[in-house]
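The numbers in this note's numbering rise by one with no breaks, and the one at position 36 of the sequence shown is 524.
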Amino acid sequence: MRNEISFALGFQATNLSQGAIDFFENNNAIKTEDGYALAYRESDQDLYGDLLNFDGTVSLGVINEQNQMYYPSDTLTKIFADDNSMEVSELDLTLPYALEDFVNSHMPEIQDEIKRIKEQYYPNDKAKLDLNPGTNVQTQTQVQTQTPAQEQAPV
Numbered sequence: 489m490r491n492e493i494s495f496a497l498g499f500q501a502t503n504l505s506q507g508a509i510d511f512f513e514n515n516n517a518i519k520t521e522d523g524y525a526l527a528y529r530e531s532d533q534d535l536y537g538d539l540l541n542f543d544g545t546v547s548l549g550v551i552n553e554q555n556q557m558y559y560p561s562d563t564l565t566k567i568f569a570d571d572n573s574m575e576v577s578e579l580d581l582t583l584p585y586a587l588e589d590f591v592n593s594h595m596p597e598i599q600d601e602i603k604r605i606k607e608q609y610y611p612n613d614k615a616k617l618d619l620n621p622g623t624n625v626q627t628q629t630q631v632q633t634q635t636p637a638q639e640q641a642p643v
């Protein structure tokens, strides 16, 4: 029997100072090629308040919670920027507070993006679309896979 894969909305912070990097590392963020990513959790508002102390840019994506892989989403990032009347390049670390409204307003788009990621990177795995940002599903099972960058890298 296969273990279910749980996906969640996440955000990636880039262009970070050393203090911000230390903050993300101390909060068990996922190290990405460009920065650090966290799964969005409605219950983490205090954590997002601490981000106000740092400079950096934000983009949205999907996180596989079992193997801690982050998949950036230009689609979700653009919708998020439009909702905030900003350019994508202007999204900063003050905006995770606005993610609660984004989740409530754009659940179909988030589900579509999670489905796209699941079909593209995990076509043979049973996946649970975990879209409740207030829960924190953790398992000990890790799925072995490559990052999108690794799949494109020459061998």
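Heads up, the beta-carbon is just placed ideally off N, CA and C, and yes, glycines get one too.
The alpha-carbon of Gln556 is positioned some 22 angstroms away from that of Met595. In this structure the segment 561–570 does not touch the segment 534–541; the number of beta carbon pairs closer than 8 angstroms is below three. Around the beta carbon of Tyr585, fewer than 16 other beta carbons lie within 10 angstroms, which makes this residue exposed. Contact annotation: Tyr528 and Ala496 have beta-carbon atoms nearer than 8 angstroms. Minimum Cα-Cα distance from Leu535 among the listed residues Phe512, Glu578, Asn552 corresponds to Phe512.
Distance between Asp522 and Val550, taken at the CA atoms: about 15 angstroms. Glu553 and Asp613 have their alpha carbons spaced roughly 14 angstroms apart. Going by DSSP, Thr565 is part of the alpha helix (DSSP H) stretching over 562–571.
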